[in-house]
Structure formats: structure tokens, C-alpha cells
Amino acid sequence: PFEIHEMRAKHDGFELTFTEPVDAETAGKAENYSLKTFTYIYRADYGSPEVDATTAKVKSATVSADGKSVRLVVDGLQVGHLHDLTCPGVLSKGGRKILHPQAYYTLNFIPKP
548 PFEIHEMRAK
558 HDGFELTFTE
568 PVDAETAGKA
578 ENYSLKTFTY
588 IYRADYGSPE
598 VDATTAKVKS
608 ATVSADGKSV
618 RLVVDGLQVG
628 HLHDLTCPGV
638 LSKGGRKILH
648 PQAYYTLNFI
658 PKP
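Position one of the sequence shown corresponds to residue 548 (the numbering used here), numbered consecutively onward.
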């Protein structure tokens, strides 16, 4: 199936790797990605509501030459927060929709360039 295989942190955003080549037109549009951030309250009781929620802006999306990865430049990365990415508008090179268009990443630190 066409899926997001991996989400890796970069100094200015994320790099997504897909299970098959993406459609360059849909995957190269920043507006086809949305990214929210939030964290949880650490406490003795089990569970916590989501707190400190923000919306990060995907400024650009660049498709790799082989079409299997997309580099996202993001404004609003939050260290210590979970980053919830959705991209339902991204299609495969063959025109298929992503089976699960959501990926999560807990950003413990921002990598150096």
C-alpha cells in the first residue's frame, strides 16, 4: 500500500519517506500538509489531556529526484512536543491516495544542519 514510511526531523522541518514514488504536483504543494503540535502533562495519574496545542506552518514541500521522499520546511517546530502531520491531498505517482495519511513525531531536540 501507499503509505508514509518514515518521518525524520531536520533542522528546519521534516523529511518524509514514502513506500512508493509520490505525484510531484500534489506532494510538492505545502498546502497539502497540515501540522499541529501538542504535549501532555506529566503527572502521577494515568493519562493526560493534550495541552499547549499550536499549529505549525509548512512553508515549502520539495520532492526528491526519485520521488520517494519529500522535504518539508516548517515554521513553528516545538521541542518537547508531539508533531501530528496529515497529508490527505498527497497522491502516489500512479494517482492512489495514502492509506493512512497521518504521521506523528515527538521532537526531543532539533538536529543541527
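Glycine included, each C-beta is placed from N, C-alpha and C at the ideal position. Keep in mind it's a predicted model, so treat the numbers as computed, not measured.
Assign residue i to buried or exposed, taking buried as 16 or more other Cβ atoms, counted over all protein chains shown, within 10 Å of its Cβ.
| i | result |
| --- | --- |
| Leu630 | The residue you asked about is not Leu; residue 630 is His in the sequence shown. It is buried - the Cβ of His630 has at least 16 other Cβ atoms within 10 Å. |
| Ala612 | exposed |
Closest Cβ-Cβ distance between residue i and chain D: below 7 Å?
| i | result |
| --- | --- |
| Tyr587 | The chain labelled as chain D is not found in the depicted structure, where only one protein chain is given. |
Between the C-alpha atoms of residue i and residue j, what's the straight-line distance to the nearest angstrom?
| i | j | result |
| --- | --- | --- |
| Glu562 | Tyr651 | 12 Å |
| Lys615 | Phe585 | 28 Å |
| Leu654 | Asp559 | 12 Å |
| Gly636 | Ala556 | 22 Å |
| Ala577 | Thr609 | 9 Å |
| Leu638 | Ser607 | 17 Å |
Thinking residue i and residue j are a contact (beta carbons under 8 Å), I'd like their distance in whole angstroms, please.
| i | j | result |
| --- | --- | --- |
| Val605 | Leu619 | 5 Å |
| Gly623 | Thr601 | 6 Å |
| Met554 | Leu632 | 7 Å |
| Lys659 | Val569 | That belief does not hold up - the Cβ atoms of Lys659 and Val569 are roughly 27 Å apart, past 8 Å. |
For the 8 Å Cβ check, are there 3 or more pairs between the region 550-561 and the region 591-599? no
What residue ranges within the region 556-627 form continuous alpha helix (DSSP H) runs of no fewer than 4 residues, ordered along the chain? 571-574
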